[in-house]
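*Asks:* Before I ask anything, let me first share the structure, which is written out below as structure tokens.
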Amino acid sequence: MPPPLPDIRALLTSYLIRHPGEREALDGLLTALDTDRDPTSRSALPGHVTCGAVVIDRRRRVLHVRHKATGGLLLTPGGHVEASDGTLLAAALREIEEETGIPASGLVLTAEFRGEPIDINVHDITPDLAKGEPAHQHYDVRFVFHLADDAPEITLQAEEVTEAVWLPFDETVSPTLRDKLTTSALNGVIVPMNASAIIHDGAGRYLLHLRDANKPDIWEPGCWSLLGGGREPQDRTLLDTVVRELREEADLTVAGLEPYAVEHVTGTDRARVPIQLFTCRWSGDPAQLPLTEGVMLAWVRPEKFPHMTMPPSTRTLLERHAAEHPVPSVRTEGTAVATAPVGTVLNVVGVHLYLEHDGRVLLGLRHPDSAYAGGSWHVLAGHCEAEAATACLVREAYEEAGLVIDPADVDLVHTVHMRERPTESPRIQLYFRARTWEGTPQLREPDKCVRWEWWNAKDLPEPIVPYTRAAIDGIRAGRSYTELGWSQ
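Residues in the sequence shown are numbered consecutively from 1, following this note's numbering.
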């Protein structure tokens, strides 16, 4: 699909706010946007949109190439928009890669312009009888990028381009672009434009944010990530940015935010995005935060990272932070250690999701090699970490099956207190019924579950985990409690 008209109109509106004197020159494009025609199509006349890439290195030089089609003129890379370009920025990135071999990952958006054009140049195109194209105009929308330090060497597309030349700002061929570059603060130095927070409790847990999987236009949909976002005009510093983002996303205020590192991630347009990371300690209950973006917040320990949908860069970052901040030993010299009363035995707490639809119960077939109940049917379940039982349930439901559940929509319907073997810790198994949920069960952890299926509650499959059968029987009978494995 070509770039949507509303997106082009918003980009042009923002540009004219910065350059109101260019409105008359862009009247033709403004008129075209008021119609239903695609202004990026080569057939759009008397003019159409093209896209260019302005690549700047650390020596304040701009990349130019010699195009065969223009008789060897030096121009910044660029060309026509294709139907596969979802945005004008994507078209510019595609053109730079096609002509010079520099991929989007070798380019960094500037903090000054981000995804908005630095220049829109209007120029006349002579008729091309061979292609049957009459004289028309190009509205060349030009985006500016810094060249990443580790960008690959230029590899020219020999069919279209014969030479690559780096020119100082004041020698840039295009007069309109030259004026804007020489009056800008651009210098080729890459600086962060986003800010995120590594929030940990000092005891090995990290506060992570599950992003909405139903919004493909956001960064890393459906993944666990850090809270944070992009710098806005009102932010004096990136510390202001992360403080504002925490407040807007979760009404969260934390103390002691300190700079930790600058990391680079891949943005939605595939270009590189530098992020300033801050870190701090906090030990509150994320379930009490009014989340305004994404699906949920949860405390997570590093050993869970490999089993979560998470960008590799985020996982590497958090594992590095965890290695640098080891959990202190419980017992330290001269410090009293709290002890449980004599005879106390710790019980493992498990949470279980009881979903019922039209008299049928959702069960999963455990993988044959599963450490527990391999080859048996079981409800969706998991063990509580240092978190509320409902928070654990919500997290496990999404991690294992892609189901989104509001903790306010679950009820505790049965408890099984059991001991499978005398040598093992006793277990308290909590069964929660979800009144509502979003999504269809998916195999998100195929190493644990190989199939989800709805079963008639009166005719459960075999083999089934014994305490799950006991719990379902108890729920159907209206009982709230079952004991298993205790000697009488």
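Using N, Cα and C, we set each Cβ at its ideal position, and we do this for glycine too.
How many Å lie between V54 and F145 at the Cα?
*Replies:* Position 54 of the sequence shown holds residue 54. Position 145 of the sequence shown holds residue 145. Roughly 6 Å separates the two Cα atoms.
*Asks:* With DSSP as the reference, label A195 as helix, strand or coil.
*Replies:* Translated into positions along the sequence shown, residue 195 becomes position 195. A195: strand per DSSP, three-state reduction.
*Asks:* Here's a check: name, in chain order, each residue in its chain whose Cβ is nearer than 8 Å to the Cβ of K180, leaving out the five neighbours to either side.
*Replies:* Sequence index remark: in the sequence shown, residue 180 carries index 180 (1-based). Contacts found: I118, D119.
*Asks:* What do you get for Q234, buried or exposed, if any count of 16 or more other CB atoms within 10 angstroms of its CB means buried?
*Replies:* As a position in the sequence shown, residue 234 is number 234, starting the count at 1. Burial call: exposed.
*Asks:* Within the same chain, show all residues whose beta-carbon is closer than 6 Å to that of L147, passing over the 5 residues directly before and after it, in chain order.
*Replies:* Your numbering for residue 147 matches position 147 in the sequence shown. Excluding positions up to five away in sequence, the list reads V55, D57.
*Asks:* Taking DSSP as the reference, what is the three-state secondary structure of R262?
*Replies:* Within the sequence shown, the letter at position 262 stands for residue 262. First, the amino acid is wrong: residue 262 is Val here, not Arg. V262 falls in the strand class under three-state DSSP.
*Asks:* Taking the runs of the beta strand (DSSP E) that are 3 residues or longer, which of them lie wholly in the segment 342 to 423?
*Replies:* Here the runs fully enclosed are 348 to 354, 360 to 366, 380 to 383, 410 to 418.
*Asks:* So if DSSP puts E133 in a beta bridge, which residue, or which two residues, is it bridged to?
*Replies:* Against the sequence shown, residue 133 aligns to sequence position 133. In DSSP, E133 forms a bridge with D128.
*Asks:* L251: which of G228, V273, E232, A261 sits nearest, CA to CA?
*Replies:* Counting from one through the sequence shown, the residue named residue 251 turns up at place 251. Sequence inspection shows Asp at residue 251; the Leu mentioned does not correspond to that position. The shortest Cα separation from D251 among G228, V273, E232, A261 belongs to G228.
*Asks:* With V242 as the anchor, note down where its alpha helix (DSSP H) starts and where it stops.
*Replies:* Translated into positions along the sequence shown, residue 242 becomes position 242. Per DSSP, V242 belongs to the alpha helix (DSSP H) from 238 to 250.
*Asks:* If you reduce the DSSP assignment to three classes, tell me which class P46 lands in.
*Replies:* Here the question's residue 46 lines up with position 46 in the sequence shown. Three-state result, P46: coil.
*Asks:* Taking the alpha helix (DSSP H) that T316 belongs to, which residues open and close that run?
*Replies:* As a position in the sequence shown, residue 316 is number 316, starting the count at 1. Unbroken alpha helix (DSSP H) run through T316: 312 to 324.
*Asks:* Within the same chain, show all residues whose beta-carbon is closer than 6 Å to that of E400, passing over the 5 residues directly before and after it, in chain order.
*Replies:* In the sequence shown, the residue the question calls residue 400 occupies position 400. The residues are L380, R444, E445.
*Asks:* Just to confirm the assignment: which complete beta strand (DSSP E) runs, minimum length 3, are found wholly within the segment 420 to 461?
*Replies:* DSSP runs (the beta strand (DSSP E)) wholly in the segment 420 to 461: 427 to 434, 449 to 456.
*Asks:* Taking the alpha carbon of V141 as the point to measure from, which residue in T76, E159, T436 has its own alpha carbon closest?
*Replies:* Indexing the sequence shown from 1 puts residue 141 at position 141. Ranking T76, E159, T436 by Cα distance to V141 puts T76 first.
*Asks:* Nearest to L362 by CA position, among V189, W454, G47, is which residue?
*Replies:* The residue labelled residue 362 in the question sits at position 362 within the sequence shown. Among V189, W454, G47, the Cα nearest to that of L362 belongs to W454.
*Asks:* Under 6 Å: does the beta carbon of H357 sit that close to some heavy atom of the ligand MG?
*Replies:* No copy of the ligand MG appears in this structure; indeed no ligand is present at all.
*Asks:* Mind checking whether N121 and S174 have CB atoms under 7 Å apart?
*Replies:* As a first step, residue 121 must be located in the sequence shown, where it is residue number 121. As a first step, residue 174 must be located in the sequence shown, where it is residue number 174. The answer is yes: Cβ separation under 7 Å.
*Asks:* Whole angstroms is fine: what's the gap from T253's alpha carbon to R9's?
*Replies:* Position 253 of the sequence shown, counted from the start, is the residue given in the question as residue 253. Position 9 of the sequence shown, counted from the start, is the residue given in the question as residue 9. One C-alpha to the other measures close to 37 Å.
*Asks:* Can you confirm whether I464, when its beta carbon is compared against all beta carbons of chain D, has any partner nearer than 7 Å?
*Replies:* Among the chains of the structure shown, chain D does not appear; only one protein chain is present.
*Asks:* Any contact between the segment 120 to 135 and the segment 277 to 284? By contact I mean 3 or more CB pairs, one from each, below 8 Å.
*Replies:* In short, these stretches do not touch, since the Cβ pair count stays below three.
*Asks:* Could you pull out every unbroken beta strand (DSSP E) segment of at least 3 residues lying fully inside the segment 151 to 237, listed in chain order?
*Replies:* Fully enclosed beta strand (DSSP E) runs of 3 or longer: 161 to 168, 194 to 200, 206 to 210, 227 to 230.
*Asks:* Out of curiosity, what's the CA-to-CA distance linking D150 and L107?
*Replies:* By one-based count along the sequence shown, residue 150 stands at place 150. By one-based count along the sequence shown, residue 107 stands at place 107. Their Cα atoms are separated by approximately 10 Å.
*Asks:* Short of 6 Å in beta carbon distance, which residues of its chain neighbour L403, apart from the five on each side in sequence? Order them along the chain.
*Replies:* Taking the first residue of the sequence shown as position 1, residue 403 is located at position 403. Once the five neighbours on either side are set aside, the close Cβ partners of L403 are A397, W437, G439.
*Asks:* Is it right to say M308 is buried, meaning 16 or more other beta carbons lie within 10 angstroms of its own, or is it exposed?
*Replies:* Looking up residue 308 in the sequence shown gives position 308. Buried, because 16 or more other Cβ atoms sit within 10 Å of the Cβ of M308.
*Asks:* Determine the extent of the alpha helix (DSSP H) in which G474 is found, giving its start and end residues.
*Replies:* For the purposes of this step, residue 474 is taken as the residue at position 474 of the sequence shown. G474 -> alpha helix (DSSP H) spans 466 to 477.
*Asks:* Report back the beta-carbon spacing between R433 and Y481 to the nearest angstrom; my notes put them in contact at under 8 Å.
*Replies:* Sequence index remark: in the sequence shown, residue 433 carries index 433 (1-based). Sequence index remark: in the sequence shown, residue 481 carries index 481 (1-based). Not a contact, Cβ separation roughly 15 Å.
*Asks:* Confirm, please, whether the CB-CB distance from Y139 to L63 is below 7 Å.
*Replies:* Along the sequence shown, one-based indexing puts residue 63 at 63. Along the sequence shown, one-based indexing puts residue 139 at 139. No, they are not a contact pair.
*Asks:* Between the alpha carbons of P221 and T31, how many angstroms are there, rounded?
*Replies:* On the sequence shown, position 221 is the one that residue 221 refers to. On the sequence shown, position 31 is the one that residue 31 refers to. Straight-line Cα distance between these residues: approximately 36 Å.
*Asks:* Where G474 and V413 are concerned, what is the direct C-alpha to C-alpha distance, given to the nearest angstrom?
*Replies:* The sequence position of residue 474 within the sequence shown is 474, counting from 1. The sequence position of residue 413 within the sequence shown is 413, counting from 1. G474 and V413: Cα-Cα distance of roughly 9 Å.
*Asks:* Could you pull the start and end residues of the beta strand (DSSP E) that G78 belongs to?
*Replies:* Here residue 78 refers to the residue found at position 78 of the sequence shown. Residues 78 to 80.
*Asks:* Using 10 angstroms around the beta-carbon of P46, count the other beta-carbons present and answer buried if the total reaches 16, otherwise exposed.
*Replies:* For the purposes of this step, residue 46 is taken as residue 46 along the sequence shown, with counting starting at 1. Exposed: under 16 other Cβ atoms inside 10 Å.
*Asks:* If you drop the 5 nearest sequence neighbours on each side, which residues of the same chain put their C-beta closer than 8 Å to that of A69?
*Replies:* Here residue 69 refers to the residue found at position 69 of the sequence shown. Hits under 8 Å: E160.
*Asks:* Express the C-alpha separation of I428 and N347 in angstroms, rounding to a whole number.
*Replies:* Counted from its first residue, the sequence shown places residue 347 at position 347. Counted from its first residue, the sequence shown places residue 428 at position 428. Rounded to the nearest angstrom, the two C-alpha atoms are 7 Å apart.
*Asks:* In terms of residues, what are the limits of the beta strand (DSSP E) holding A507?
*Replies:* The displayed coordinates of the chain run from 1 to 488. Any statement about residue 507 would go beyond what the structure contains.
*Asks:* Mapping the DSSP letters down to three states, classify L5 as helix, strand or coil.
*Replies:* Within the sequence shown, numbered from 1, the residue matching residue 5 stands at position 5. Helix.
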